[in-house]
Amino acid sequence: MSEPSPISAGGRPRVRVLHLYDRYLNIYADRGNMQVLTARGAWRGIDVEVRGLEPGEHFTPGEHDLIYVGGGQDRDQQMIAERMSEDLGPAIKAAVEEGTALLAVCGGYQLLGSHYLDTTGVHQPGVGLFDLSTEAGDGRLIGNVAIEAELPAIGARAASTTTIAGFENHAGRTSLGASARPLGSVLHGNGNDGRSGFEGCRLHHAIGTYLHGPLLPRNPELADWLLAAALAHAHGTDAALLIDQVGTVPPAVAALERRALDTSVARARAERG
Amino acid sequence: MASPAHTGTARRLGVPLALARPVAAAARLVSRATGREGGALPGKVLLSLAPSALATMARRGRARGRRIVLVSATNGKTTMTAMLAEMLAADGLDVVHNVTGANLRSGIATTMLQAGRRGDVCVLETDEATLPLVAPDLRPDMIVLGNLFRDQLDRFGELEVLADRWRDTLAALPGEDVTVVYNADDPLIAELVEEHVTRCAADGIVATVVPFGLDDPDVAQEGLPHAADSRFCRRCGHPLEYAHSWVGHLGAWTCPGCGMTRPEPVVAATSVELDGLAATRLQVEVPGEPEALQLRLPIPGLYNVYNAVGAIAAASTLGVPGAVLVPALAAAAPAFGRFERIPVPGPNGTNGTITLLLVKNPTGLNEVIRTLVASGVDVTATLFALNDGIADGRDTSWIWDADVEPLFERAGAMVVTGERAAEFGLRAAYGGLDPEGVLYEPDLEQAMYRVLERAREFTEHGHAYALVTYTAMLKMRAIIAAQGWARSYWANEPTTRRRRGSRR
Chain A
0 MSEPSPISAG GRPRVRVLHL YDRYLNIYAD RGNMQVLTAR GAWRGIDVEV RGLEPGEHFT
60 PGEHDLIYVG GGQDRDQQMI AERMSEDLGP AIKAAVEEGT ALLAVCGGYQ LLGSHYLDTT
120 GVHQPGVGLF DLSTEAGDGR LIGNVAIEAE LPAIGARAAS TTTIAGFENH AGRTSLGASA
180 RPLGSVLHGN GNDGRSGFEG CRLHHAIGTY LHGPLLPRNP ELADWLLAAA LAHAHGTDAA
240 LLIDQVGTVP PAVAALERRA LDTSVARARA ERG
Chain B
0 MASPAHTGTA RRLGVPLALA RPVAAAARLV SRATGREGGA LPGKVLLSLA PSALATMARR
60 GRARGRRIVL VSATNGKTTM TAMLAEMLAA DGLDVVHNVT GANLRSGIAT TMLQAGRRGD
120 VCVLETDEAT LPLVAPDLRP DMIVLGNLFR DQLDRFGELE VLADRWRDTL AALPGEDVTV
180 VYNADDPLIA ELVEEHVTRC AADGIVATVV PFGLDDPDVA QEGLPHAADS RFCRRCGHPL
240 EYAHSWVGHL GAWTCPGCGM TRPEPVVAAT SVELDGLAAT RLQVEVPGEP EALQLRLPIP
300 GLYNVYNAVG AIAAASTLGV PGAVLVPALA AAAPAFGRFE RIPVPGPNGT NGTITLLLVK
360 NPTGLNEVIR TLVASGVDVT ATLFALNDGI ADGRDTSWIW DADVEPLFER AGAMVVTGER
420 AAEFGLRAAY GGLDPEGVLY EPDLEQAMYR VLERAREFTE HGHAYALVTY TAMLKMRAII
480 AAQGWARSYW ANEPTTRRRR GSRR
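Protein chains in written order, with numbering that gives the first Met the number 0: chain A, 0 to 272; chain B, 0 to 503.
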């Protein structure tokens with residue numbers, strides 16, 4: 000395999016992460032996902048820089064390598080839904096089209112669809128990145144969940160099929176449109192709507208999912224895939240390989256990750272059969 | 000959730016209370032004999048036989064002049080209820096109190112069942128989601144609302160939903176009969192109580208409300224913590240501004256959007272002095288007292304100051320004079336598992352301790368860590384037990400929302416245990432603890448031995464600290480009891496306490 004392409008200023012590769020509306024959308028340990036990206040980057044000699052964005056602010060597509068959208072309480076989410084779709088909708092879509100990686104969890108996932116119909120019948124506009132829509136249903140879908148997902152190849156970095164586990168807690172039932180591809184199929188739990196057997200959505204290097212817990216600590220393969228996608232955006236496709244070739248995750252952490260994932264999957268299996 | 004408005008049907012379906020009572024009492028004997036704690040089962044049996052039993056017991060008690068006080072909060076309700084019961088008992092009242100913290104409908108029914116005809120006042124710790132389910136039946140004379148922090152989202156849904164339910168609970172009670180003692184520093188609670196006052200006024204009723212709070216800028220937080228819940232005005236959505244904040248989102252708040260602002264606390268701690276893990280000194284202004292009360296609480300933590308001030312506000316409103324409540328609070332022991340220090344005999348005649356610290360949500364964990372760190376104790380030997388049962392919260396994400404880093408910095412290493420030990424191990428590793436310092440031992444008993452070994456290795460007398468979630472706490476308590484280090488927790492029963500010299 001050839002050497003990865005040259006690295007950014009300062010001699011270290013750099014990944015720029017944008018955490019959208021971080022003061023509003025942060026309910027299910029979204030901060031944990033940020034800590035995982037930063038630490039897993041550092042173990043590979045990669046600088047992961049995270050900045051937040053306030054409502055009213057804008058960004059230029061391409062100036063970040065990874066966009067993160069977390070979940071909020073229903074009320075906080077209502078307050079910013081319109082703002083996000085109006086102010087940032089076109090920029091988010093353009094960014095994903097030109098290769099920016101994206102992770103949206105729970106409420107953030109819902110906001111990136113075409114719309115959300117809440118329990119009171121209020122229509123909240125969505126960003127329209129993913130071809131999906133969400134309606135609040137009777138009762139919340141709550142519990143441990145495990146899915147099987149395919150993470151596509153990034154340049155020379157091979158595709159993989161992996162089990163992802165998390166915790167879901169959502170009133171919304173999400174229906175995928177004709178052009179949407181799910182992130183994975185549900186092994187145990189509810190997923191998008193409790194019926195279709197689908198969980199999440201993926202478009203290029205953008206992923207939306209209901210799984211939190213937080214998602215990335217117990218799903219390191221997904222965390223590394225996102226970092227690889229972000230590196231590819233920042234430094235060219237070959238840089239995706241950096242994540243596998245440079246540095247190592249401490250073995251003690253890897254052992255904990257395996258145990259955490261195994262326990263989560265076992266919980267989901269026991270709860271849902 | 001069950002509808003509280005079931006009394007009519009229930010009375011037709013259920014058997015008379017007099018018949019249900021002995022069956023439920025038998026259930027208590029069975030549950031105790033089989034080693035269960037017996038807190039909830041008799042009530043569960045009683046309510047299944049006689050669904051209207053709560054309303055009946057409350058009504059009969061009321062006819063004899065027995066009052067009912069419900070105390071609810073996401074954090075600290077066990078401690079606040081215990082403090083209030085202690086002060087009322089010291090004032091000569093015969094107090095009925097759910098000591099074991101059985102705070103669901105069934106536990107409250109058990110407590111009232113066991114009290115029978117006794118009692119001048121029932122002081123009932125009430126689970127925050129249970130409050131709306133029992134208040135219509137119990138028709139309380141007083142409701143104490145302590146705080147609303149993000150807690151167990153998997154069980155309760157979101158915080159706003161809980162606040163809405165509390166608002167509806169107040170709306171369903173006769174406004175002239177209930178006194179609301181509430182934490183003015185919690186904007187969520189202050190707003191819903193203000194709605195209650197406005198609604199009563201529209202009906203021509205002057206609602207009785209008693210706001211309490213803190214007023215000592217010297218012990219304020221530097222800023223709102225990450226896990227602060229109520230950053231935005233519940234009424235208009237504008238970000239709130241704080242002159243000072245003390246615990247989580249509790250503080251001197253104001254909304255620049257709609258002008259709503261913290262109600263002036265009627266009972267307020269105006270000076271607070273934290274003295275390590277041993278004690279807290281505070282000065283509390285109470286209406287009707289010629290001078291501010293000077294108190295010494297034998298328990299640590301600013302969050303316990305809120306518990307004390309809330310309990311004082313309730314007690315003084317119920318007529319307990321300062322001269323009685325000050326010594327009563329000075330004798331308050333920590334509630335089960337809350338900074339509870341248990342002596343552990345070590346080898347060669349050493350006398351170590353393990354201090355149990357119950358944690359269950361981001362704010363609770365933040366405050367436990369803040370108190371530990373501020374006290375300056377050596378936390379080298381620290382254990383974290385994370386379970387994910389229903390009582391712990393099945394969703395473990397909350398550990399990531401708490402600011403655990405100051406503990407990692409000082410501990411250097413940690414024993415992680417419980418059913419979700421690996422999750423907390425990852426929290427520690429990603430929070431800056433050297434991964435090699437994460438000592439993974441999922442078995443609770445083995446983990447306790449390991450942390451005690453570490454304590455003897457690193458600290459002079461062998462002092463260990465155990466941060467544990469609820470079901471892990473119960474198991475750890477059972478292990479400790481089996482070792483003979485401490486009594487099993489239900490040894491604190493009976494659930495009622497009596498002091499000589501009744502006032503009535």
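Cβ coordinates follow ideal geometry from the N, Cα and C atoms, glycine included.
Computed from a predicted model, the values in this text were never measured in an experiment.
So residue i contacts chain A; which residues on that side make the cut at Cβ distance below 8 Å?
i                  : result
Asp-217 of chain B : Neighbours of Asp-217 of chain B on chain A: none; closest Cβ ~28 Å, over 8 Å.
His-225 of chain B : Asn-25, Arg-30
List, in chain order, every chain B residue whose beta-carbon is nearer than 8 Å to that of residue i.
i                  : result
Thr-262 of chain A : Glu-418, Arg-419, Ala-421, Glu-422
His-187 of chain A : The contacting residues do not exist; His-187 of chain A stays about 14 Å from chain B at best.
Gln-281 of chain A : This structure cannot settle anything about residue 281 of chain A, because the visible part of chain A is limited to 0 through 272.
Ala-256 of chain A : For clarity, residue 256 of chain A is Glu in the given sequence; the question names Ala instead. Within 8 Å Cβ-Cβ: Ala-421, Leu-425.
Leaving out five residues on either side along the sequence, give the residues of the same chain with a beta carbon under 8 Å from the beta carbon of residue i.
i                  : result
Glu-48 of chain A  : Arg-13, Val-14, Arg-15, Val-16
Gly-321 of chain B : Val-285, Glu-288, Leu-292, Ser-315
Met-33 of chain A  : Val-16, His-18, Val-49, Tyr-67
Gly-318 of chain B : Asp-90
Pro-326 of chain B : Ala-89
Counting only the same chain and skipping the five closest in sequence on each side, list residues whose C-beta sits under 6 Å from that of residue i.
i                  : result
Gly-51 of chain A  : His-18, Asp-21
Ala-312 of chain B : Val-180, Val-209, Phe-211, Val-266
Ala-331 of chain B : Met-82, Glu-85
Glu-134 of chain A : Leu-116, Arg-172
Leu-123 of chain B : Leu-69, Asn-97, Ile-107
Which bits of chain A does residue i rub up against, with CB to CB less than 7 Å?
i                  : result
Trp-399 of chain B : Ala-28, Arg-30, Gly-31, Pro-213
Glu-157 of chain B : Gln-72, Asp-73
DSSP three-state label for residue i, please.
i                  : result
Arg-13 of chain A  : strand
Ile-242 of chain A : helix
Tyr-23 of chain A  : coil
His-63 of chain A  : coil
Gln-72 of chain A  : coil
Glu-134 of chain A : strand
Asp-176 of chain B : coil
Leu-214 of chain A : coil
Asp-184 of chain B : coil
Asn-347 of chain B : helix
Asn-168 of chain A : strand
Trp-245 of chain B : strand
Ser-374 of chain B : helix
Cys-254 of chain B : coil
Asp-221 of chain B : The sequence given here places Glu at residue 221 of chain B; Asp does not occur at that position. Coil at Glu-221 of chain B, not helix or strand.
Gly-34 of chain B  : Legend: pLDDT at Gly-34 of chain B = 47, less than 50; position of this residue unreliable, no value from coordinates given.
Pro-250 of chain A : helix
Glu-290 of chain B : coil
On the criterion of 16 or more Cβ atoms from any shown chain inside 10 Å, does residue i qualify as buried, or is it exposed?
i                  : result
Thr-168 of chain B : buried
Val-95 of chain A  : buried
Pro-434 of chain B : buried
Gln-76 of chain A  : buried
Thr-119 of chain A : exposed
Arg-194 of chain A : exposed
Gly-309 of chain B : buried
Leu-547 of chain B : Nothing can be reported for residue 547 of chain B: it is not among the residues displayed for chain B, which extend from 0 to 503.
Ile-79 of chain A  : buried
Gly-71 of chain A  : buried
Tyr-305 of chain B : buried
In chain order, what residues of the same chain lie with their CB nearer than 7 Å to the CB of residue i, ignoring the 5 residues before and after it?
i                  : result
Glu-175 of chain B : Ile-204
Note down, in chain order, every chain B residue with its Cβ under 9 Å from the Cβ of residue i.
i                  : result
Val-252 of chain A : Gly-424, Leu-425, Ala-428, Tyr-429, Pro-434, Val-437
Which chain B residues sit within Cβ distance under 7 Å of residue i?
i                  : result
Ala-38 of chain A  : Tyr-429
Ala-259 of chain A : Ala-421, Glu-422, Leu-425
How would you list, in chain order, the residues of chain A whose beta-carbon sits under 9 Å from the beta-carbon of residue i?
i                  : result
Phe-231 of chain B : Tyr-23, Arg-74, Asp-75, Met-78
Positions along the region 199-226 of chain A whose CB lies within less than 8 Å of some CB in chain C: No chain C appears in this structure, whose protein chains are A and B.
Residues from the region 157-170 of chain A in contact with chain B, defined by Cβ distance under 7 Å: Along the region 157-170 of chain A, going in chain order, the ones with a CB nearer than 7 Å to a CB of chain B are Phe-166, Asn-168.
Residues of the region 72-88 of chain A whose Cβ lies closer than 8 Å to any Cβ of chain B, in chain order: Within the region 72-88 of chain A, the residues whose Cβ lies closer than 8 Å to some Cβ of chain B are Gln-72, Asp-73, Arg-74, Asp-75, Met-78, listed in chain order.
Near-chain B residues of the region 238-250 of chain A (beta-carbon distance less than 7 Å), N- to C-terminal order: Hits within the stretch, in order: Pro-249.
Against chain A: residues of the region 380-408 of chain B by CB proximity under 9 Å: Correct list: Asp-387, Arg-393, Asp-394, Thr-395, Ser-396, Trp-397, Ile-398, Trp-399, Asp-400.
Under 8 Å (Cβ pairs) to chain A, residues found in the region 235-255 of chain B: Contact residues of the region 235-255 of chain B toward chain A are Gly-236 (C-beta to C-beta distance below 8 Å).
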